[in-house]
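Just so you know, the protein sequences line up as chains A and B, in that order. So that you can map any letter, position 162 of the first sequence is 251 in my numbering, and since no number is skipped, the others follow by simple counting. So that you can map any letter, position 189 of the second sequence is 304 in my numbering, and since no number is skipped, the others follow by simple counting. For each residue, glycine too, the CB sits at the ideal point set by N, CA and C. These numbers were taken from a predicted model, which means no experiment stands behind them.
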Amino acid sequence: MEDYKFLFKVVLVGNAGVGKTCLVRRFTQGLFPPGQGATIGVDFMIKTVEIDNEKIKLQIWDTAGQERFRSITQSYYRSAHALILVYDISCQPTFDCLPDWLREIEEYASSKVLRVLVGNKIDREDREIPAHVGEDFAQRHSMYYLETSAKEAENVERLFMEIAAELMEQARSKELPRYDSNSPTINGRTTVIGDGGCCSRMS
Amino acid sequence: MCTSCCGCCSALRPRYKRLVDNIFPVNPQDGLVKNNMEKLTFYSLSSPEKLDRIGEYLFQRASRDIYRRRNGFVVIAMEAMDQLLVACHAQTLNLFVESFLKMVQKLLESTDPQLQILATQSFVRFANIEEDTPSYHRRYDFFVSKFSSMCHSNHNEPELRDKIRVAGIKGLQGVVRKTVCDDLVENIWEAVHMDKIVPSLLYNMQNSRYHVKEADTPEPPQEEHADPPTLAETCMRELVGRASFGHIRCVLRPVLRHLDLHELWVPNQFALHTFRIIMFSIQAQYSYTVIETLMSHLDDNSKSNPKIRTSIADVLSKIISIAAGESVGPSVLEIINSLLSHLRLSVTREDPSDEPQAQRAEKLYQEALINALGEFANHLPDYQKIEIMMFIMSKVPYPALDHLRGFNGPGDVLLQNILLKSLLKVGTKYQTIHFNTTFPMSFLEPLLRMSLAADPDMRLLVQKILHTLIDRHHNLEKLLKPTVNIGDLELVLEKSSRPDIIFIRKHGPEIYRSLYESLEQANNTVENIEAVYTTLALLCVELSSEETVMEMLRLVVSIQDTALTNGSLSAAQKYNLHAVVVSLLVLIPNVVPITPLMEYAEKVIEARRNAGANHLLPELLVHYDPDVCLSPSQLGPDVLVDQVAVTESLKGAGFDVSRLQQVTPYGAGGPPGVNVGHRHSWVETGMRTSVADLNSFQVEVDSVSSSPGVQKKHPEEELTFESMKKLLSEPPESAKEAEEERRLQLSETFRTADFHDLVDRTHANNDILQNKLNEIFSKLSTGLSDGIRPPATPTPGTKQDNDPLHSNNPPTYEVLFPELFVY
Ligand SMILES: Nc1nc2c(ncn2[C@@H]2O[C@H](COP(=O)(O)OP(=O)(O)O)[C@@H](O)[C@H]2O)c(=O)[nH]1
Ligand SMILES: [Mg+2]
Chain A
90 MEDYKFLFKV VLVGNAGVGK TCLVRRFTQG LFPPGQGATI GVDFMIKTVE IDNEKIKLQI
150 WDTAGQERFR SITQSYYRSA HALILVYDIS CQPTFDCLPD WLREIEEYAS SKVLRVLVGN
210 KIDREDREIP AHVGEDFAQR HSMYYLETSA KEAENVERLF MEIAAELMEQ ARSKELPRYD
270 SNSPTINGRT TVIGDGGCCS RMS
Chain B
116 MCTSCCGCCS ALRPRYKRLV DNIFPVNPQD GLVKNNMEKL TFYSLSSPEK LDRIGEYLFQ
176 RASRDIYRRR NGFVVIAMEA MDQLLVACHA QTLNLFVESF LKMVQKLLES TDPQLQILAT
236 QSFVRFANIE EDTPSYHRRY DFFVSKFSSM CHSNHNEPEL RDKIRVAGIK GLQGVVRKTV
296 CDDLVENIWE AVHMDKIVPS LLYNMQNSRY HVKEADTPEP PQEEHADPPT LAETCMRELV
356 GRASFGHIRC VLRPVLRHLD LHELWVPNQF ALHTFRIIMF SIQAQYSYTV IETLMSHLDD
416 NSKSNPKIRT SIADVLSKII SIAAGESVGP SVLEIINSLL SHLRLSVTRE DPSDEPQAQR
476 AEKLYQEALI NALGEFANHL PDYQKIEIMM FIMSKVPYPA LDHLRGFNGP GDVLLQNILL
536 KSLLKVGTKY QTIHFNTTFP MSFLEPLLRM SLAADPDMRL LVQKILHTLI DRHHNLEKLL
596 KPTVNIGDLE LVLEKSSRPD IIFIRKHGPE IYRSLYESLE QANNTVENIE AVYTTLALLC
656 VELSSEETVM EMLRLVVSIQ DTALTNGSLS AAQKYNLHAV VVSLLVLIPN VVPITPLMEY
716 AEKVIEARRN AGANHLLPEL LVHYDPDVCL SPSQLGPDVL VDQVAVTESL KGAGFDVSRL
776 QQVTPYGAGG PPGVNVGHRH SWVETGMRTS VADLNSFQVE VDSVSSSPGV QKKHPEEELT
836 FESMKKLLSE PPESAKEAEE ERRLQLSETF RTADFHDLVD RTHANNDILQ NKLNEIFSKL
896 STGLSDGIRP PATPTPGTKQ DNDPLHSNNP PTYEVLFPEL FVY
């Protein structure tokens with residue numbers, strides 16, 4: 090039900106066609122959508138997960154990769170707690186665009202945003218970007234790194250769960266001295282401290 | 116399940132919970148249980164302190180139902196909340212609203228489009244309620260984000276997709292309404308919101324039928340079911356209409372960004388449509404800001420493809436008139452100046468080594484800017500048009516006289532050309548009433564100077580400017596080409612007014628001299644010669660009076676003289692001049708009826724025809740067959756206009772020809788061509804005439820006009836002529852009167868014009884603006900290639916000494932437009 094302790098906003102970015110929408114659908118609806126159209130503007134999904142008996146609500150904003158929607162998509166970066174930057178491991182150009190995306194994130198997102206690099210479509214045979222290349226890139230830009238397959242449901246659950254856990258830990262450590270301070274959204278559930286606390290790190 | 120366990124346990128539940136439970140039917144398709152709902156409403160009204168708990172409980176039930184996918188019950192819960200919201204008193208709503216909005220959000224978070232649409236409807240209902248004490252901590256981030264996302268719905272069923280989009284748009288409209296009035300509530304104008312709202316609306320407007328080029332799209336049957344584009348447009352209008360001064364840019368910035376990113380400038384129908392909407396919905400006093408923003412967007416695009424710049428400038432030209440009515444004082448000049456700066460920039464960017472296609476594109480851009488200038492001027496009051504013309508004139512780098520040609524870089528010529536085109540554009544929008552208003556000295560003088568530019572295209576432009584400013588009776592088309600068949604033209608004639616006569620008496624000699632010299636240019640094309648003819652013919656028609664006849668005839672004879680003696684003109688050019696001479700000779704007595712002169716003119720034409728001298732008659736050709744065309748000296752004296760014969764004709768008509776005889780440098784009756792020395796002396800006298808010499812001219816003209824020799828031949832004109840004569844004998848007073856009249860007119864305009872409210876603002880900005888303009892101007896004059904400026908040490912005998920615009924005097928605009936800085 091409606092009780093949750095934490096609300097986090099997660100925004101997915103990356104070139105069109107890398108599988109952002111599939112990742113979100115896989116995670117929120119447990120399916121791999123057959124042939125849906127390209128996202129326009131921004132799509133929205135919600136999922137509540139539980140970590141350490143705490144309910145965490147994830148607001149997931151799935152953005153269109155095309156350049157022309159850049160103005161609207163960028164406006165969603167700012168309030169994001171986590172940004173998932175996705176590329177397609179079987180498509181070099183989507184990897185080559187990563188620096189551009191980072192520049193965008195640098196410009197529009199909060200400096201404290203949690204940044205995760207995701208190489209998607211690992212089920213494919215025709216890999217072009219070796220895992221260590223992606224990992225290197227992530228390390229150089231101090232991002233978390235994970236490889237996924239929306240199609241085969243590989244690492245998708247883990248991706249979001251670890252983000253949730255990390256954000257929860259951050260929230261706890263930061264919010265500790267303050268009780269119920271400014272409520273960020275209408276739902277009024279602030280990220281109040283919980284008792285019990287363990288933090289799972291991103292791998 | 117609560118609905119089924121209303122037996123024993125329900126008695127233990129709090130009353131409000133029982134009341135809430137009872138509104139739900141057993142089967143959701145039965146809908147809200149009406150009478151139970153009434154009970155709940157009544158209870159809420161009588162126990163308002165319970166309202167927030169009722170709200171919370173309803174929300175919890177709905178959350179559970181959503182979770183269990185029992186959407187029917189969710190719908191009922193929402194409906195109940197809607198009803199309570201409307202029924203309850205404003206002061207008790209506050210806490211209930213929190214639950215209400217949580218409920219709306221919950222529904223919006225669902226993946227079911229129907230629930231999302233339902234939630235939006237509830238939200239809109241809420242948005243229309245005025246709360247006594249809005250909750251200042253309430254945030255609308257989520258709603259803006261979600262509604263914007265819905266505006267971009269990509270649902271695979273088109274019908275449902277449109278419904279979701281409509282809901283998104285309505286939701287945004289609701290948020291705007293809810294937040295816009297109260298500064299303490301969420302600031303909707305912040306970039307984080309506007310960057311979502313504006314592109315969402317534009318994205319939907321883009322699909323409007325106005326822009327898709329489907330020729331035969333039938334009109335939609337009715338407007339009730341507004342489609343996303345229509346609705347988005349409505350919302351856009353509302354948003355822009357509510358924007359106060361500080362907020363305009365918050366809206367415009369994402370608009371421009373969207374147009375850029377979606378590449379909607381070329382073609383620009385949608386951009387234009389959008390800006391029209393903005394201009395028509397914006398609070399009128401801010402419309403200037405839109406122009407300003409669009410101009411600065413042009414700045415930002417200075418390196419973009421010229422097609423994009425052209426499109427932006429085109430949009431500017433098409434909306435600028437809407438702002439013109441609201442622009443006053445310095446803002447007018449700022450707009451003009453900005454447009455001129457863009458023109459200048461474009462000119463300096465032109466590179467002869469560019470692809471022809473790129474050059475053409477740049478030219479189109481310049482044309483679009485000039486159109487914008489013209490459109491803007493078109494909607495300004497006439498007195499401001501003159502000021503603008505003077506302003507543009509002051510920006511024209513001076514062409515030096517012929518012997519200074521070397522100092523004119525190609526960039527200057529381009530800039531001159533472009534500025535004169537702009538001037539022409541503004542000129543065509545201006546309607547002359549009195550010549551002295553149209554041609555103040557500070558405008559006329561540089562214009563005449565430009566009429567002697569080394570470049571023939573430039574001279575042509577100046578003549579065209581003169582045409583449009585002189586032609587008050589729409590005779591221009593008829594007088595474009597020299598002709599001897601004046602009767603066919605059906606010219607519109609009107610007796611000259613008092614101020615006109617004063618004007619031509621004062622400035623006629625100088626104008627005629629420039630036109631005369633203009634005809635002497637060796638690089639004249641047929642078009643150039645025709646254009647000078649047109650100017651002369653228009654002057655003749657517009658300022659027809661016995662007084663002007665003399666001066667005009669003097670000029671006609673002088674032109675013939677040039678045609679006969681000038682060594683630098685080609686044979687074709689000389690034939691052209693002869694044709695001009697005879698065309699004017701026949702035009703003059705047609706305008707000011709002088710029968711003997713008319714007869715004489717016919718005789719000359721006849722003689723030319725008989726002598727087979729068609730090359731001395733219109734129309735003007737570029738090439739003449741040298742074997743057929745004999746020179747006038749070979750043809751005999753009859754084909755030429757004879758000074759003595761002209762004088763005699765005038766005498767016969769009762770004119771006092773002493774002036775013609777006295778002043779004319781051509782020895783009476785002497786064969787043409789003999790008096791070369793005289794001719795030169797006449798020209799030189801003219802050359803020296805400048806501002807300083809005007810007084811002496813005045814005296815000369817006065818003395819002639821007041822000589823009592825002129826007799827009346829046509830009694831029907833007596834009254835007019837008498838009064839005219841009287842006027843002519845009192846020139847200084849009348850000149851003063853005319854001046855006074857102009858001043859009164861101007862101050863009257865300022866008094867009556869409805870911008871008192873703006874006076875304060877203008878006043879405050881005045882100094883800043885002046886400084887800014889100063890800065891821009893100094894950039895204008897120094898930034899351009901150094902060649903633009905006349906040499907530091909003027910060559911003796913050039914006009915530069917008299918040039919008021921290049922001296923160290925106060926900035927030009929202060930001199931030219933003291934009217935603009937009155938407050
Ligand atoms: N093989 C494979 N294909 C995928 C995977 N994820 C997405 N795709 C395909 O990639 C295409 C684009 O996916 P989409 O989610 O729309 O990409 P988005 O533009 O980033 O949202 C679709 O044809 C998907 O079927 C994946 O993990 N493996
Ligand atoms: Mg997508």
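Local Cβ density within 10 Å of residue i, reported as buried at 16 or more and exposed below that
i: B/F157; result: exposed
i: B/C296; result: exposed
i: B/L699; result: buried
i: A/T152; result: buried
i: B/D603; result: exposed
i: B/R253; result: buried
i: A/M90; result: Residue confidence is low: A/M90 scores 47 on pLDDT, short of 50, so the model does not pin down where it sits. Its coordinate-derived value is still stated next. By the neighbour-count rule (16 or more Cβ atoms within 10 Å), A/M90 is not buried but exposed.
i: B/A807; result: Since pLDDT at B/A807 reaches only 32, below the 50 mark, its modelled position is unreliable, and the value read off the structure follows with that caveat. B/A807 comes out exposed.
i: B/I181; result: buried
i: A/S200; result: exposed
i: B/S818; result: Low per-residue confidence applies at B/S818: pLDDT is 36, beneath 50, and the placement is therefore not dependable, though the value from the model is reported in the following sentence. With fewer than 16 other Cβ atoms within 10 Å, it is exposed.
i: B/S359; result: exposed
i: B/G785; result: Below a pLDDT of 50, predicted positions are generally treated as unreliable, and B/G785, at 30, falls in that range; the measurement from the model is reported next regardless. Burial call: exposed.
i: B/Q321; result: buried
i: B/V825; result: Legend: pLDDT at B/V825 = 40, less than 50; position of this residue unreliable, no value from coordinates given.
i: B/V599; result: buried
Residue i and residue j closer than 7 Å at C-beta
i: A/I135; j: A/Q148; result: yes
i: B/I303; j: B/V355; result: no
i: A/A242; j: A/I140; result: no
i: B/N486; j: B/S436; result: no
i: A/A198; j: A/L174; result: no
i: B/M508; j: B/P571; result: no
i: B/Q499; j: B/I533; result: no
i: B/L735; j: B/P747; result: no
i: B/L127; j: B/L155; result: no
i: B/S611; j: B/L653; result: no
i: B/A694; j: B/P733; result: yes
Cβ-Cβ separation, residue j to residue i (assumed contact under 8 Å), whole Å
i: A/N209; j: A/V107; result: 6 Å
i: B/S263; j: A/I161; result: 7 Å
i: B/F211; j: B/F139; result: Actually they are not in contact, since the Cβ atoms of B/F211 and B/F139 sit about 19 Å apart, beyond 8 Å.
i: B/L454; j: B/L488; result: 5 Å
i: B/A768; j: B/P711; result: 5 Å
Ligand 1 heavy atom lying under 6 Å from the CB of residue i
i: A/C180; result: no
i: B/N322; result: no
i: A/D212; result: yes
i: A/K240; result: yes
i: A/T117; result: no
i: A/G208; result: no
Ligand 2 heavy atom lying under 6 Å from the CB of residue i
i: A/K109; result: yes
i: A/T183; result: no
i: A/T162; result: no
i: A/T128; result: yes
Of all the residues that make up the region 119-142 of chain A, which are near chain B by a beta-carbon distance shorter than 8 Å?
-> Residues are counted here when their Cβ sits less than 8 Å from a Cβ of chain B; for the region 119-142 of chain A these are Q125, G126, A127, T128, I129, G130, V131, D132, F133, M134, I135, given in chain order.
Closer than 9 Å, Cβ to any Cβ of chain B: which residues of the region 155-178 of chain A, in chain order?
-> Under the 9 Å Cβ criterion, the region 155-178 of chain A contributes E156, R157, F158, R159, S160, I161, Q163, S164, Y165, R167, S168.
Could you list the residues in the region 363-382 of chain B with a C-beta less than 9 Å from some C-beta on chain A, going in chain order?
-> P369, R372, H373, D375, L376, H377, E378: these are the residues of the region 363-382 of chain B whose beta carbon lies less than 9 Å from some beta carbon of chain A, given in chain order.
Using a beta-carbon distance cut-off of less than 9 Å, what residues from the region 306-317 of chain B approach chain A?
-> Correct list: A306, V307, H308, M309, D310, K311, V313, P314, S315.
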